[in-house]
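Below: the structure, in structure tokens.
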Amino acid sequence: MRRDLEPPQSRANAQVVDQVDSFQAGPHYGPVLDPLQVGILRVALQLNPLVHPPIVTGAQPQLNWNMLFPSNTCSCSEDPRLDLAHMSLWTGHHEPATFPPVSRIHLVSEMFPWLITVSAGDPNLGVTLGDLIDCIAHDMHQYVEQADFDALPEIRKQELRHTRRHNRSDADGVPGGSLGSPMLRLDWLGTHAMFGGVRENDALVYNRCGTVLPCSFELVCTARDRVDESPNPTRDPEALSPSPPNATRRDSAGAQDQSEVVIRVDDGLTHMLPASGETFEGREEHSSFHANDTVASSYGQEPNEGGDNRGIQDSGSRTGIGKTLGRIAHGLWNYFW
């Protein structure tokens with residue numbers, strides 16, 4: 001039958017059959033390319049729309065995942081306007097991460113200095129969304145390299161220690177004590193622990209690798225809820241180590257985020273004591289030394305000696321109270337250390 005004599009409906013059906021989703025799961029798209037072939041052939045890779053960073057909230061389905069948790073907690077948002085109700089990560093778990101599919105992907109990020117290499121679980125399928133998420137989750141549970149930590153400025157080290165304690169606390173939205181004691185790569189993310197997608201960023205790849213490697217992309221990390229110290233943090237040996245006086249800080253609510261407080265008294269003694277609620281090897285809690293009873297301001301500023309002394313109610317009895325606290329503090333210091 002001549003093409004021009006075919007019924008219109010027949011031609012319409014033929015057009016529908018010819019249209020295949022580029023990211024449909026399965027070995028439908030010819031050979032899987034390796035990064036060397038992608039570089040030689042100068043193939044322009046397309047990323048799966050599910051890993052595109054969101055430009056407008058709710059504009060398209062997105063992967064929702066807090067990277068502090070295992071990969072099986074990842075899910076896909078639903079957008080009724082696109083008729084994708086009941087869609088989850090696992091319906092697209094075997095979809096290729098790129099088109100055409102590749103055997104390996106490299107990820108860099110603004111949030112950390114190392115390189116993540118994602119290899120295809122099935123060489124016939126190339127790197128899938130499941131491979132991508134599983135590999136990131138595995139990498140985030142690796143130990144932080146000592147050289148990476150040592151290269152940081154001191155203030156950044158303090159931030160990482162604080163985040164490490166918070167991630168092992170009983171606060172909402174963190175894994176808790178199951179993470180163990182060593183510092184993990186997920187602690188490096190700080191407040192930016194949400195998966196924000198994958199995108200091209202040749203400038204960042206060049207900065208991290210010294211060259212623009214084929215099949216290399218940026219892993220975008222977005223902010224989660226602000227890290228606050230839990231009211232009952234999980235016991236942490238590092239939290240008991242001495243800190244310099246200028247490391248004592250307060251957040252906007254006035255609560256301290258370090259494990260020790262500075263008590264300064266009139267007889268000239270300055271002591272480092274456990275904060276309220278802290279214990280040492282199961283010994284008695286010293287709730288009388290509360291953070292509000294300190295005469296030290298935040299971020300290492302000197303206490304006000306002129307009269308506005310926080311936590312001291314009666315200025316007339318300040319000297320006697322100071323001497324008493326000094327003797328008690330000195331005795332506790334000798335007892336514990």
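Every letter in the sequence shown is one number past the one before it in the UniProt record's numbering, and letter 42, counting from 1, is 42.
Quick reminder that beta carbons are idealized off the backbone N, C-alpha and C, glycines included.
Bear in mind that the values here come from a model prediction, so they are computed numbers and not experimental data.
Item to complete: Determine the extent of the beta strand (DSSP E) in which Leu41 is found, giving its start and end residues.
Response: No beta strand (DSSP E) holds Leu41; the alpha helix (DSSP H) holding it covers 35-41.
Worksheet item: For the candidate residues Gly196, Arg208, Thr211, whose alpha-carbon lies nearest to that of Pro49?
Response: Gly196
Worksheet item: Which class does His166 belong to by DSSP, given the choice of helix, strand or coil?
Response: helix
Worksheet entry | Glu200 vs Ser109 beta-carbon contact at 8 Å | no
Fill in: Where Asn124 falls: helix, strand or coil (DSSP)
coil
Practice prompt. Buried or exposed for Pro80, please, with buried defined as at least 16 other CB atoms from any protein chain shown within 10 angstroms of its CB.
Written response: The predicted position of Pro80 is uncertain, since its pLDDT is 42 and thus under 50; no value can be drawn from it.
Item to complete: Would you kindly check if the distance between the Cβ of Pro175 and the Cβ of residue 340 is under 8 Å?
Response: Here the chain has residues from 1 to 337 only, and residue 340 is not among them.
Discussion item. According to DSSP, simplified to helix, strand and coil, what is Pro49?
Written reply: helix
Fill in: Residues near Asp122 in its chain [Cβ-Cβ closer than 8 Å; skip 5 each side]
Thr128
Discussion item. Quick check on DSSP: helix, strand or coil for Gly196?
Written reply: strand
Discussion item. Quick check on Ile116: buried or exposed, where buried means 16 or more other Cβ atoms within 10 Å of its Cβ?
Written reply: buried
Worksheet entry | Ordered list of alpha helix (DSSP H) runs contained in the stretch 106-159, each at least 4 residues | 129-140, 146-150
Worksheet item: Quick one: what's Cys221 bridged to in DSSP?
Response: Phe195
Fill in: Per DSSP, cross-strand counterpart(s) of Asn66
Met194
Discussion item. Quick check on this structure: which residue in Thr211, Leu213, Met194 has the alpha carbon closest to the alpha carbon of Ser75?
Written reply: Met194
Worksheet item: Any idea what DSSP makes of Thr73, helix, strand or coil?
Response: helix
Worksheet entry | Option in His93, Asn66, His138, Met183 with minimal Cα separation from Asp148 | Met183
Worksheet item: Under a Cβ-count criterion, where at least 16 other Cβ atoms within 10 Å of its own Cβ denotes burial, should Asn64 be classed as buried or exposed?
Response: exposed
Item to complete: Return the chain-ordered list of same chain residues with a C-beta closer than 6 Å to the C-beta of Val32, the five sequence neighbours on each side being excluded.
Response: Pro101, Ser103, Gly126
Practice prompt. Give every residue of the same chain whose Cβ lies closer than 6 Å to the Cβ of Ser22, excluding the five residues on either side of it in the sequence, and list them in chain order.
Written response: Phe99
Discussion item. Nearest by alpha-carbon distance to Ala137: which of Glu159, Asp150, Ile155, Leu179 is it?
Written reply: Leu179
Discussion item. If contacts are defined as beta-carbon pairs under 8 Å, then Asn167 and Asp150 qualify, I think. What distance do you get, rounded to the angstrom?
Written reply: Not a contact, Cβ separation roughly 21 Å.
Practice prompt. Verify whether the separation of the beta carbon atoms of Pro214 and Val51 is less than 8 Å.
Written response: no
Worksheet item: Just curious, the alpha helix (DSSP H) that Leu179 is in, first and last residue?
Response: That residue, Leu179, is in no alpha helix (DSSP H); it is neither H nor E in DSSP.
Worksheet item: What does DSSP give as the partner residues of Ser216 in its beta bridges?
Response: His106
Worksheet entry | For Glu145, the nearest candidate out of Trp114, Asn72, Gln158 (CA to CA) | Trp114
Fill in: Buried/exposed call for Ser181, threshold 16 Cβ in 10 Å
exposed
Item to complete: Closer than 6 Å by C-beta to Glu305: which residues in its own chain qualify, once you throw out the five before and the five after it? Chain order, please.
Response: Its pLDDT being 40, under 50, Glu305 is placed unreliably by the model, and the measurement read from it follows with that caveat. If we look at Glu305 and ignore the five residues flanking it on each side, it has no Cβ neighbours.
Fill in: Euclidean distance between Cα positions of Pro61 and Tyr143
32 Å
Practice prompt. Out of Arg224, Val205, Thr222, state which residue places its alpha-carbon closest to the alpha-carbon of Ile105.
Written response: Val205
Worksheet entry | Spatial distance of Arg161 from Arg42 (CA atoms) | 43 Å
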